[in-house]
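Numbering (the working numbering), first residue to last: 183 to 313.
Here a beta-carbon is modelled for each residue, glycine too, at the ideal position from N, C-alpha and C.
Nothing here was measured: the structure is a model prediction, and the numbers come from that model.
These notes are about the structure you will find just below.
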């Protein structure tokens with residue numbers, strides 16, 4: 183059965199896309215830990231990030247960097263942290279999260295509340311900042 187991320191890739195589930203190419207898709211997390219919290223996924227459905235083929239894995243960080251720089255230019259933060267957990271959805275993914283302290287990477291805190299309009303505007307603004 184396809185993961186929720188594969189359904190997003192296939193357009194079966196809507197998302198707040200901020201980046202897409204032939205190998206990757208990035209979109210805002212719908213339960214963000216911070217404004218601008220983004221998920222970056224490969225378009226191939228592989229559960230564990232370290233099971234990705236060498237080419238996909240080696241291209242992952244340069245794409246993440248491009249997106250992180252765009253997030254930093256839009257969202258006020260010290261930096262964009264990266265987290266790979268991989269237990270919640272059986273599809274390799276990284277979290278790109280604007281942070282000001284290490285505590286901002288705690289996954290047990292309540293999500294930031296944002297309206298649909300705020301999410302659309304933020305996705306549009308970050309997308310336009312990607313070079």
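- Three or more beta-carbon pairs drawn from the segment 281-288 and the segment 250-265 are found closer than 8 Å, and the two stretches are therefore classed as touching.
- Note on the segment 195-235: whole beta strand (DSSP E) runs with a minimum of 3 residues are 199-202, 206-210 and 220-224, in chain order.
- Apart from sequence neighbours up to five positions away, the residues of its chain that approach residue 311 with a beta-carbon distance below 7 Å are 252, 255 and 256, ordered along the chain.
- Listed as beta-bridge partners of residue 276 by DSSP are 222.
- Of the candidates 230, 233, 222 and 227, 222 places its Cα closest to the Cα of residue 242.
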